[in-house]
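Participant: Submitted below is the structure of interest, expressed as structure tokens.
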Amino acid sequence: AALTRPEGIMFALLWPSAVLVQTVRDRRLSPAALRPGLAYLAAAALPVIAYKAMALIYFGNLFPNTYYAKGGPDLDTVVGLLFLDDAVITKGFQILAGPFGFTWLALGLFLIAFGLCIIAKRAVAPLVFLTGATLLALVTFILLPNDWMPEFRFGTPFLVLFYPTLFSMIWIAKDSLPKTRFLSQQFPALVIVAVLAASSILVHQIRFARFYDQPTAPFTDISERYVERFNKAAEILGVEQASFLLPDLGATLFYSELEIIDLAGLTDATIARTLRKDNDSLYDYIFNDVKPTFILTYAYSALAADLDSSSQFRRQYIPLREKIDPIASDIAGRTIYSGTYVRSDVVEDRPDALSRARAVLFGTP
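Numbering of the sequence shown is given in the working numbering, commencing with residue 2 and proceeding in unit increments.
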């Protein structure tokens, strides 16, 4: 988990947490835990250290571009978690609504099953490991930056772990129920799990249908807008090694014949480390190093890049089409332009080529 995503290192706390729970329960630290504890630390640390050393040598950074581009937990986030700030509680409640559509249903079932497991006195495995992993996943989600995409992609570990944890606890909690002549102890647990599974399927079916009808960044839509049109525009302008700076990459990288530069920073180390942090270095990289043939900005990307803050932007680029961006301007409290731009030296003294490129990109006015 730690090698896959930086926040996965949180799950390394799971086994020490189990030892802590056992120590509190027994009111003493078992001497037998020392040797496996050292073995665990070595087994957890050595591959992570080796991997991070490789990343530092090969990439020059300990963490992937996504960490630098999207950000990570800061001190305020950690303090907010410790003191259960309103923002922390709200974020936690949002993801707890994911499994069944209602926050209090998921939380109430979890707490009731937890309590019944304790009453049943068969709590060690599910409470320490499954519950511990689920809670660590919840804490990790809260510590991660907020995500503009729907469906809790940053909360995937929590949503994956929640169901087996809850259903396992319900199954074990059946031992706390009184025995009857007519029904086995397994029957109520089976009914509850079946009803919860069915309700979760229904909730997700509705959500998936809604997301399918209105996806956030449709692959085919991005392809139609940013691939073939710009391939043809570069051909019309006679640019052999054209490049394109934009914030939408998936389908663009898949099909484009241009060199793609990621304005969001997910596939560009320099932009990931300078966007919103060091504008001077960002502008030097864009306007003096990579010099993209085309630039496209809109909404938040226009605000984050704020290209007009650089005097080089208007000297080196002319708009193919632009407007005052309402989203970026509203957030910034000032006028922010967004649009599609082309490097001026590519179309200099070529009004006919510029007109044809505009027609390919946006249609004939």
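A virtual CB, placed ideally from N, CA and C, is assigned to each residue, including glycine.
Is the Cβ of ALA3 closer than 7 Å to any Cβ of chain C?
Facilitator: Within the model displayed, chain C is absent; a lone protein chain is all it includes.
Participant: Give the secondary structure of SER244 by DSSP, where H, G and I count as helix, E and B as strand, and everything else as coil.
Facilitator: DSSP places SER244 in strand when its eight states are reduced to three.
Participant: Excluding the 5 residues flanking LYS324 on each side, which residues of the same chain have their C-beta closer than 8 Å to its C-beta?
Facilitator: TYR338, SER339, GLY340, listed in sequence order.
Participant: Got a sec? Which residues, its chain only, sit under 8 Å from LEU162 by beta carbon, not counting five neighbours each side?
Facilitator: These residues qualify, in order along the chain: LEU131, ALA134, THR135, ALA138.
Participant: Going by C-alpha to C-alpha distance, which of MET150, LEU63, SER345, GLY334 sits closest to GLN215?
Facilitator: When only C-alpha atoms are compared, the closest one is MET150.
Participant: So, are the CB atoms of ALA45 and ALA13 less than 7 Å apart?
Facilitator: Cβ distance < 7 Å, so ALA45 and ALA13 count as in contact.
Participant: Please report the distance separating the alpha-carbon of ASP222 from that of ALA252.
Facilitator: Between ASP222 and ALA252, the C-alpha separation is close to 9 Å.
Participant: With distances taken from CA atoms, which of SER224, PRO219, GLN186, ALA174 is nearest ILE120?
Facilitator: When each option's Cα is compared against that of ILE120, the closest is ALA174.
Participant: Determine, using beta carbons only, whether LEU144 and PHE155 come nearer to each other than 7 Å.
Facilitator: Cβ distance not < 7 Å, so LEU144 and PHE155 don't count as in contact.
Participant: Starting from GLY340, follow its DSSP beta bridges and name the residues at the other end.
Facilitator: Paired residue(s): THR298, GLU323.
Participant: Here's the rule: buried if 16 or more other CB atoms are within 10 angstroms of the residue's CB, otherwise exposed. What is SER257?
Facilitator: Classification for SER257: buried.
Participant: Decide yes or no for the touch test of the region 236–252 against the region 204–212: beta carbon pairs closer than 8 Å, at least 3 of them.
Facilitator: Short answer: they don't touch.
Participant: Please state if the CB of ALA114 and the CB of ILE202 are separated by a distance shorter than 7 Å.
Facilitator: The answer is no: Cβ separation not under 7 Å.
Participant: Nearest CA to the CA of TYR284: which residue from TYR301, SER302, ASP309, PHE295?
Facilitator: Looking at the Cα atoms, ASP309 is the closest of the given residues.
Participant: Reducing DSSP to helix, strand and coil, say where GLU258 ends up.
Facilitator: The answer is coil: DSSP assigns GLU258 none of H, G, I, E or B.
Participant: Excluding the 5 residues preceding and the 5 following ASP269 in the sequence, name in chain order all residues of the same chain whose CB lies nearer than 8 Å to its CB.
Facilitator: Closer than 8 Å at Cβ, skipping near neighbours: ASN66, ILE262, ASP263.
Participant: Could you have a look at ASP176 and say whether DSSP puts it in helix, strand or coil?
Facilitator: Three-state DSSP puts ASP176 in a helix.
Participant: For PHE288, which option in VAL343, LEU355, LEU238, LEU191 has the closest C-alpha, if you only look at C-alpha atoms?
Facilitator: Closest option to PHE288, Cα to Cα, is VAL343.
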